[in-house]
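In my numbering, the protein residues as written are -9 to 695.
We put the beta carbon where it would ideally sit given N, CA and C, even for glycine.
First the structure, in the form of C-alpha cells, and then the observations on it.
What follows is the structure in C-alpha cells.
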C-alpha cells in the first residue's frame, strides 16, 4: 500500500493540493500529475464519469491566481461555458458543464453561479469529456466535468469591482460578491451573496426626417440605465455511506431597475420648444429551490427531482412631454404587475442494459403567468385618464407531462453513441374574452455520436427534434411608451418545433493550445415573429417555417512552446444567419433582432517570475434588423470595442486588476423607419441617432480567506 493510500480522505486531499501547488516550481510530467490525482481522489462520485479528452490540474491554472472553480473553467483552452437557453422544464441537459459527473441543479442558478461558489482549494481537476459517453441525456460534444472534494475546512472568496465612466453615468460602487464553502468527507456546502450591479448611460443627437428625407426635428438626448441584482444562493450535497446522494440548491434574489431618458427637442434652426422625459421602473423579487435524491432501486439507480421558481415583478413606465410655451403636457403611464412561476417534478431511472446504459425519465411541469396592467393617457388638459387596452390583464397556464428513454453505449472504444426518444403532452390556457384552452402532443428525441478520430481530434454529431418554450408575455397585450409601439393579445400562439443538426470538431494542439469548432443548422416550424392579428393590430405569433444556421468557435493559442513564455491568445467567434418569409411582404428576410456576428479576442501576458500580468481584449458584434408590420429598426454599435488591463496577483494576498475600456470610442447607434404602408414602401418618418458613452475604468479586487 502506498503512502497516499494509507491516508484518510481528507489528508489525501490536502496532500494532493500541496503536491499540485508545488508543481509551479517542480517540473513533473503531465501524466504523473494525472496519475497522482487519480490515486488521491479514489472513489469520488463522478471522478470517472465519461471518456476524457483532456485533464487539467490546479497547477495548470496557477499563473492566473484563481479563486474559484469558475476562474479555472474560464481558462480551459478552447472552451466556453454555455449557460443554457431556457430549455423546457428540467428535461435534457442544455449546458456543457457538470460537477462530479452530475448535472447542476437549478435553472437561473446555473453553471456560472455554481462554479463561482466552489473555492479553488476544493477543485481536484477539470476534465474535458465526450458528452455522449455520460449517462446524462442531452449532452454531446465537449463537456467540462469539474471534479471536487471538500478540503474539510471553511474557505471563502470575495470580489469587488467599482467602475467609473468618463461621461454622464454615475459611479458603480457595489458590484461584487462574497462566497464561502465547507464540508467534510461526505458533505459539501456553498453559500454566496452577490450584487450584479450596472450603471450605464449614453448621450448624443437624434435626427428625424420626413418621408421625403427632409430634416424635421433635432433631439439632444441623454439616457441612464441603472440596475442592481442582489442575490443569496447556495448548495448542499450529502453522500451517504450507502452511496445515496442528496443535492439541494436555492437562490433568493431582488432586481432593482431604473431607466431615464431626457430629450430636448426642437425644429432645425429653432430653439428647443419641448422636453420629453421617459422613465422605466421595476422592482422584482424572485426565488428558486431545487432538490434531488439518488438511491439504489432494484438493479439501477433512481433519482427524484423537485424544482420550484417564483417571480413577482411590478413595472411602471411613463412618458411626459412638457412645452416651453406652457401648453398642457402630453404623455402616458403604463403599469404592470406580473407574477410567474414554474413547478417541476421529475424522476430518472438509470440502469445497465443491452451492453450500455438506459435512463427512463418522466416529468410533470406547471407554468403560469398572471398579469394585471393599466394604461393612462393625458387628455387635452394634461390630466391622466384611464385608457382601454384590451387583453392587457390576463393569466396564462401551461400543464405539461413528458416522458422519454435515453440509451448510451460505446460502439467501439473510440465511438460513443447516445439515443433518446420520447414525447410530451401539454395544455395551454389563457383567461379573458379572447382566452381559450388547447392541447398538444409533440414527439422529440435525438441521436448523438462522439468519435475519437485521432489522438488529438474528436468529432461529434447530433440530430435532434426539439420542442421550444414560449414566452408567456407574448400572449398578453402590452405597450412600449418610449418607442410608441402596441402589441395586442394573441391567444393562438403554439410552441415552435425544430429539427436541429450539429457537428463539432475539437482539436488539441498539445502545449500550443486547443481549437473547438461547431456548425449548426435549425429547420424550424411555427417560429415566433411579429405577425398581423385578425381583428386588427399586431403581436408576436407563429410563422410557418424558418431556418437558422452558422458556425461558432473557440481557439486558444499558447506561446510557451515557441520559446516565448507567458502569453496566451483566446479567440471566440460566431457567424450566424437565418431566413424566414416576411408575413407582410411575402419575401425572405432574416429573423428579427438576431445575432449575425460575434467576434471576441483576448490577449494576456504573465511575466515569468513575477506577480504581474497585462493584456487586453477586443470585440465586434452585429445583428439583424427588428421588423414589425409598420416599422424596421436596427440597434447596433460602431465598429469595435477594445480595452487594456494590468494585474498584480499578490497585493497583500489579493489580486488587483485595473482596466480601461472603450479605447476605440465605440458609440451606440439606433435607426428606425416608420411606415404608413410598409408593403407599398410609403415612409412616414425616419429616425437615426448616435450616442457616446465615454471611457470605462474598472478596478477589480479579488481575495480568499
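Where residue 349 sits in the DSSP three-state scheme
On the chain shown, residue 349 is found 359 positions in, with the first residue counted as 1. In the structure shown, residue 349 sits in a strand (DSSP, three-state: E or B).
Between which residues of its own chain and residue 429 is the CB-CB distance below 6 Å, once the five residues before and five after are set aside?
Position 439 of the chain shown, counting from 1, holds the residue named residue 429. Excluding positions up to five away in sequence, the list reads 417.
Mind checking who residue 176 pairs with in its DSSP beta bridge?
Indexing the chain shown from 1 puts residue 176 at position 186. Per DSSP, none; premise fails for residue 176.
Between which two residues does the alpha helix (DSSP H) containing residue 61 stretch?
Position 71 of the chain shown holds residue 61. Per DSSP, residue 61 belongs to the alpha helix (DSSP H) from 59 to 63.
Those residues which DSSP pairs with residue 392 across a bridge
On the chain shown, residue 392 is found 402 positions in, with the first residue counted as 1. For residue 392, which the question treats as bridged, DSSP gives the partners 353, 414.
Taking 7 Å as the CB-CB limit, is residue 193 close to chain C?
Among the chains of the structure shown, chain C does not appear; only one protein chain is present.
Under the three-state reduction of DSSP, which class applies to residue 51: helix, strand or coil?
Working through the chain shown from its first residue, we reach residue 51 at position 61. Three-state DSSP puts residue 51 in a helix.
What residues match up with residue 299 in a beta bridge as DSSP calls it?
The count along the chain shown starts at 1 and reaches residue 299 at position 309. Paired residues: 278, 332.
Report yes if the C-beta distance between residue 420 and residue 378 is below 7 Å; otherwise report no.
In the chain shown, the residue the question calls residue 420 occupies position 430. In the chain shown, the residue the question calls residue 378 occupies position 388. No.
Can you name the residues that DSSP bridges to residue 254?
The sequence position of residue 254 within the chain shown is 264, counting from 1. The partner list for residue 254 (beta bridge, DSSP) reads 210, 265.
Straight-line Cα distance separating residue 113 from residue 486:
Here residue 486 corresponds to residue number 496 of the chain shown, with the count starting at 1. Here residue 113 corresponds to residue number 123 of the chain shown, with the count starting at 1. If you take the alpha carbons of residue 486 and residue 113, they lie about 40 Å apart.
Residue 399 to residue 342, Cα distance in whole Å?
Taking the first residue of the chain shown as 1, we reach residue 399 at position 409. Taking the first residue of the chain shown as 1, we reach residue 342 at position 352. Between residue 399 and residue 342, the C-alpha separation is close to 10 Å.
Does DSSP put residue 478 in a helix, a strand or coil?
Residue numbering aside, residue 478 sits at position 488 when the chain shown is read from its first letter. It is coil, neither helix nor strand.
Mapping the DSSP letters down to three states, classify residue 537 as helix, strand or coil.
The residue you call residue 537 lines up with position 547 of the chain shown. In the structure shown, residue 537 sits in a strand (DSSP, three-state: E or B).
According to DSSP, what are the bridge partners of residue 495?
Within the chain shown, residue 495 is the residue found at index 505, counting from 1. Partner(s): 449, 507.
C-alpha gap between residue 125 and residue 339, whole angstroms
On the chain shown, position 135 is the one that residue 125 refers to. On the chain shown, position 349 is the one that residue 339 refers to. Roughly 11 Å between the two C-alpha positions.
Extent of the continuous beta strand (DSSP E) to which residue 433 belongs:
Walking along the chain shown from the start, residue 433 turns up at place 443. Here the beta strand (DSSP E) through residue 433 covers 427 to 442.
Stretch-stretch touch, CB-based, cutoff 8 Å, three pairs: the region 173 to 180 with the region 670 to 686
no
Quick one: residues in its chain with C-beta nearer than 6 Å to the C-beta of residue 450, no 5 flanking neighbours on either side, listed in chain order?
Numbered from its first residue, the chain shown carries residue 450 at position 460. Same-chain partners within the cutoff: 130, 131, 440, 494.
Give the straight-line distance between the Cα atoms of residue 559 and residue 607, rounded to the nearest whole angstrom.
Along the chain shown, one-based indexing puts residue 559 at 569. Along the chain shown, one-based indexing puts residue 607 at 617. In a straight line, the C-alpha of residue 559 is about 10 Å away from that of residue 607.
Shortest alpha-carbon distance to residue 266 belongs to which of 212, 662, 599?
On the chain shown, position 276 is the one that residue 266 refers to. With distances taken between Cα atoms, residue 266 lies closest to 212.
In this structure, does DSSP put residue 551 in helix, strand or coil?
Walking along the chain shown from the start, residue 551 turns up at place 561. Three-state result, residue 551: helix.
Leaving out the 5 sequence neighbours to the left and right, which residues in its chain are closer than 6 Å to residue 569 when beta-carbon positions are compared?
Taking the first residue of the chain shown as position 1, residue 569 is located at position 579. Answer for residue 569: 537, 578, listed in chain order.
Does DSSP classify residue 683 as helix, strand or coil?
Here residue 683 refers to the residue found at position 693 when the chain shown is read from its first residue. Residue state, collapsed to three classes: coil.
With a CB to CB cut of under 8 Å and the five nearest residues on each side skipped, what residues in its chain are close to residue 36?
Residue numbering aside, residue 36 sits at position 46 when the chain shown is read from its first letter. Because residue 36 carries a pLDDT of 43, less than 50, the predicted location of this residue cannot be relied on, and the following value inherits that uncertainty. Around residue 36: 88, 89, 90, 91, 92, 135, 137.
Rounded to a whole number of angstroms, what is the C-alpha to C-alpha distance between residue 531 and residue 500?
Position 541 of the chain shown, counting from 1, holds the residue named residue 531. Position 510 of the chain shown, counting from 1, holds the residue named residue 500. C-alpha separation (whole angstroms): 49 Å.
If you draw a straight line from the C-alpha of residue 238 to the C-alpha of residue 182, how long is it?
As a first step, residue 238 must be located in the chain shown, where it is residue number 248. As a first step, residue 182 must be located in the chain shown, where it is residue number 192. Approximately 14 Å between the Cα atoms of the pair.
Note down the Cα distance separating residue 115 from residue 643, rounded to an integer number of angstroms.
Reading the chain shown from its first residue, position 125 is the one you call residue 115. Reading the chain shown from its first residue, position 653 is the one you call residue 643. So the two alpha carbons sit approximately 23 Å from each other.
Coil, strand or helix - residue 695 by DSSP
As a first step, residue 695 is located in the chain shown; it is residue number 705 there, counting from the start. Reduced to three states, the DSSP call for residue 695 is coil.
Between 261, 406, 275, which has its C-alpha nearest residue 220's C-alpha?
Taking the first residue of the chain shown as position 1, residue 220 is located at position 230. Selected option, being the one with the closest Cα: 275.
Pull the bridge partners of residue 359 from the DSSP assignment, please.
Here residue 359 refers to the residue found at position 369 of the chain shown. Partner(s): 330, 386.
Is it buried or exposed for residue 641, if we count other Cβ within 10 angstroms and need 16 for buried?
To locate residue 641, count along the chain shown from 1; it is residue 651. It counts as exposed.
Rounded separation between residue 364 and residue 325 - CA only
Locating residue 364 in the chain shown gives position 374, where the first residue counts as 1. Locating residue 325 in the chain shown gives position 335, where the first residue counts as 1. Their Cα atoms are separated by approximately 5 Å.
Mapping DSSP to helix, strand and coil, what is residue 530?
Within the chain shown, numbered from 1, the residue matching residue 530 stands at position 540. Residue 530 falls in the strand class under three-state DSSP.
Residue burial classification, residue 474 (beta-carbon count within 10 angstroms, cutoff 16)
Reading the chain shown from its first residue, position 484 is the one you call residue 474. Under this definition residue 474 is an exposed residue.
Could you give the C-beta distance for residue 283 and residue 236, rounded to a whole number, given that I count them as a contact under 8 Å?
Numbered from its first residue, the chain shown carries residue 283 at position 293. Numbered from its first residue, the chain shown carries residue 236 at position 246. 5 Å between Cβ atoms; contact.
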